[in-house]
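Some notes on the structure that comes next.
Protein chains: 2
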Amino acid sequence: MFSIDLTSRVPIYEQIYSKITELAISGTLSENSQLPSVRSLAKDTRVNPNTVAKAYQELERRGIIYSVPGRGSFVAALDSGIFREAALSDFDAAAKTAKKRGVSADVLKQHVDGIFEKGEEI
Amino acid sequence: MFSIDLTSRVPIYEQIYSKITELAISGTLSENSQLPSVRSLAKDTRVNPNTVAKAYQELERRGIIYSVPGRGSFVAALDSGIFREAALSDFDAAAKTAKKRGVSADVLKQHVDGIFEKGEEI
DNA sequence: TAACTGTATTACACACCATAGTACGCATTG
DNA sequence: CAATGCGTACTATGGTGTGTAATACAGTTA
Chain A
4 MFSIDLTSRV PIYEQIYSKI TELAISGTLS ENSQLPSVRS LAKDTRVNPN TVAKAYQELE
64 RRGIIYSVPG RGSFVAALDS GIFREAALSD FDAAAKTAKK RGVSADVLKQ HVDGIFEKGE
124 EI
Chain B
4 MFSIDLTSRV PIYEQIYSKI TELAISGTLS ENSQLPSVRS LAKDTRVNPN TVAKAYQELE
64 RRGIIYSVPG RGSFVAALDS GIFREAALSD FDAAAKTAKK RGVSADVLKQ HVDGIFEKGE
124 EI
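First to last, the protein sequences are chains A and B. Mapping to our numbering: the first sequence position 67 is 70, numbers consecutive. Mapping to our numbering: the second sequence position 66 is 69, numbers consecutive.
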């Protein structure tokens, strides 16, 4: 379920955070579905339980999941609009930078088409 | 000439690196023009000279500037194509994320148009 | 010569990341 | 009730990256 890159500069807890966020937003993990326990995920990924706990706590702090001591952790009810807005904000920033670098609007639109022509490449 | 955010998570040397890169690419700092010395920039920004030196060494390593012991550091002859490619790569990544979040190709193209309609807003 | 330049070195402090081990309270299951 | 699994909390340790501090050296320039 999770692949961790130990050589990456990105902290492990952040990799876990991103993975679960992606799965939750995309709907792969449906609302209120239970996540693997801190200990089981730690065992599977061969990572320290503290590291997984840190990821879960960060996910809860940002409202992606909710945790119940004694029961487990579950996917929260997500407002996908917020994540869409954030993605669009990043997109705008990238487009502005490309513009500064001398890339034309047409080229950027072609890139958009190129990305959307491809299938579900995740 | 440089403003440093000491509270930022981005390392100081990386902030200096980014600033100078931006100035060099935009042409604000023309080719072969001399940069402030390590010590003077360190004094102006109230940063340790070693930190500035680290930024300059990274800039030289990536071909943005060249340094001559005893003389100073200067803006290199830049191949703008490299930076255009990098900007496009970032743009693609942002577009893919937006796609994952459920944003349509048309909306993204509208955003591109919106950015290019505006004047030189830097 | 004097004052500048980039560069190199050593040392220290601090924060972040990750691991290890232990412990507590709560919920579920047998 | 007892056992197990759950999230959570805590201390301790080590590694790495960042930033500062203080020198020192060789090359360039006025």
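All C-beta atoms in this analysis are idealised placements derived from N, C-alpha and C, irrespective of residue type, glycine included.
(request) Over the uninterrupted beta strand (DSSP E) stretch that includes PHE94 (chain A), give me the two end residues. (result) First-last for PHE94 (chain A): 83-103, but that is the alpha helix (DSSP H), not the beta strand (DSSP E).
(message) Give me the subset of the region 14-47 of chain B whose CB atoms are less than 8 angstroms from a CB atom of chain A, sorted by chain position.
(response) ILE28, SER29
(request) Have a look at ALA79 (chain A) and THR24 (chain A) and give me their C-alpha separation to the nearest angstrom. (result) 11 angstroms
(message) Let's see if you can read the secondary structure: which residues bound the alpha helix (DSSP H) around PHE119 (chain B)?
(response) 108-120
(message) What are the residues in the region 98-114 of chain B lying within 7 angstroms of chain A by C-beta distance?
(response) ALA98, LYS99, THR100, ALA101, LYS102, LYS103, ARG104, GLY105, VAL106, ALA108, LEU111, LYS112, HIS114
(message) At 4 residues or longer, what runs of the alpha helix (DSSP H) sit wholly inside the region 33-62 of chain B?
(response) 41-48
(request) Say whether the region 85-101 of chain A touches the region 90-110 of chain B, bearing in mind that this needs 3 or more beta-carbon pairs closer than 8 angstroms, one atom from each stretch. (result) yes
(request) Report yes if the C-beta distance between TYR59 (chain B) and VAL41 (chain B) is below 8 angstroms; otherwise report no. (result) yes
(request) Determine the burial state of SER76 (chain A): buried for a count of at least 16 other Cβ atoms within 10 Å of its Cβ, exposed for fewer. (result) buried
(message) Less than 8 angstroms between CB atoms is the rule here; does ASP82 (chain B) satisfy it with respect to chain A?
(response) no
(request) In the DSSP assignment, find the unbroken alpha helix (DSSP H) run with ILE15 (chain A) in it and report its ends. (result) 15-29
(message) Starting from SER70 (chain A), trace the beta strand (DSSP E) in both directions and tell me its first and last residue.
(response) 68-71
(request) Kindly identify the DSSP beta-bridge partner or partners of PHE5 (chain A). (result) Per DSSP, none; premise fails for PHE5 (chain A).
(request) Would you kindly work out how many angstroms separate the C-alpha atoms of VAL115 (chain A) and ASP109 (chain A), rounded to a whole number? (result) 10 angstroms
(request) Would you give the residue range spanned by the beta strand (DSSP E) that SER76 (chain A) belongs to? (result) 75-78
(request) State the Cα-Cα distance for the pair GLN37 (chain B) and ASN53 (chain A), rounded to the nearest angstrom. (result) 50 angstroms
(request) Sort A:ASN51, A:LYS57, A:ASP82 by Cα distance to GLY30 (chain A) and report the nearest one. (result) A:ASP82
(message) Under 8 angstroms, Cβ to Cβ, is there at least one residue of chain A near ALA90 (chain B)?
(response) yes
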